[in-house]
Amino acid sequence: MAQMRFQHYVGFVSPPACFDQTLQQFLGVCADPVGVVQTLPNYPGAEYGAGLGDASRRLAVLKDGIAALRDADVEVVLQFGGYWALPYAPDLDSARALEQSLSEEFGIPVILNWTAIVDALNAVGAKRISVTTGYYRPAWTRASIAFLDSAGFEILWTGDLIDQDILSDQSEKEAIEDATRWDYPDEIVMQTCVEAARLAPDCDAICQTGAGMRTSYVVKDVEAQTGKPLVATDIAIFWAAMQATGITARADTGVLLSSTC
């Protein structure tokens, strides 16, 4: 009897104009056979890192991506990328309402990255958090902290790579982004997360924002060094996908993902 090749089918809507390695990452943390597809929004003037404007255009292309993935017969659609969604979902209530309306409109579960981060922080029992915003620009940081504030977390410390004295200025960030296609080196990702824990030793968890920092490659080492669970843009959305479908993670993927085992 004919059977489907994979146990589960998952779709991601990625940020525009971005070489997004989410598929490779997600498959790398899954213990189960999973089929994964993604869409890359495209429209005139699309640019990764463009800022916080153009909310209506962003929402329109998100809907295009959801429709395409639904028609590809995935089980769940996940919007990946933190700051890119903030213009049309700036706080937890609006994000929850948007998720519900999109899910109803397209007839498929839709999960936004920021609600996944909030739910993941709650899942590890975090109330007090230290937030590293990594490469974020000041406006993106302010919007991110406002979102986390709206979810009721006590933020003990927040800052970026410059605040942590890991990088010296904005031009150094931009040089790394140009050289890596917005894929920050693992050693910098590790350093910023560990430093966030050091700067707020009483935090319950480290929260890292920014899809250009791929924490799934370093989460075990960060947690071993700090003794704190790490919740980040990438692993939070992977965890949300697993929660929605019943996919299990490999056992060596950190506190959050390993909770699905």
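Mapping of the sequence shown onto our numbering: residues 14 to 274, in sequence order. Note that beta-carbon positions come from the ideal geometry of N, C-alpha and C, so glycine has one too.
Query	Result
Beta-carbon proximity of A96 to A156, cut-off 8 Å	Note that residue 96 is Tyr in the sequence shown here, rather than Ala. Yes, these two residues count as a Cβ contact at 8 Å.
Three-state secondary structure assigned by DSSP to E208	helix
Identified DSSP bridge partners for I124	L91
Meets three-Cβ-pair contact criterion under 8 Å: the region 252-269 and the region 153-173	no
Alpha carbon of G225 to alpha carbon of R150, nearest angstrom	13 Å
Environment of D33 [buried if 16+ CB atoms lie within 10 Å]	buried
Opening and closing residue of the alpha helix (DSSP H) in which I175 lies	Neither: I175 is in no alpha helix (DSSP H) and is coded neither H nor E.
Reduced DSSP category for Y230 - H, G, I as helix; E, B as strand; rest coil	helix
Where Y56 falls, given that 16 or more other Cβ within 10 Å makes a residue buried	exposed
Three-way DSSP call (helix, strand, coil) for I260 in this model	coil
Proximity of L91 and A253 at Cβ, strictly below 8 Å	yes
Member of G41, P54, D104, F25 whose CA lies at the smallest distance from the CA of T128	D104
Element boundaries [beta strand (DSSP E), containing A10]	The structure shown has nothing for residue 10, since the chain only spans 14 to 274.
Spatial neighbours of V89 in its chain, beta-carbon cut-off 8 Å, leaving aside the 5 residues before and after	V23, G24, I121, P122, V123, I124, A254, A257, T258
Burial state of L75 (16 or more Cβ within 10 Å)	buried
Coil, strand or helix - V50 by DSSP	strand
Beta carbon of G172 nearer than 8 Å to that of G223	no
R141 - DSSP class collapsed to helix/strand/coil	strand
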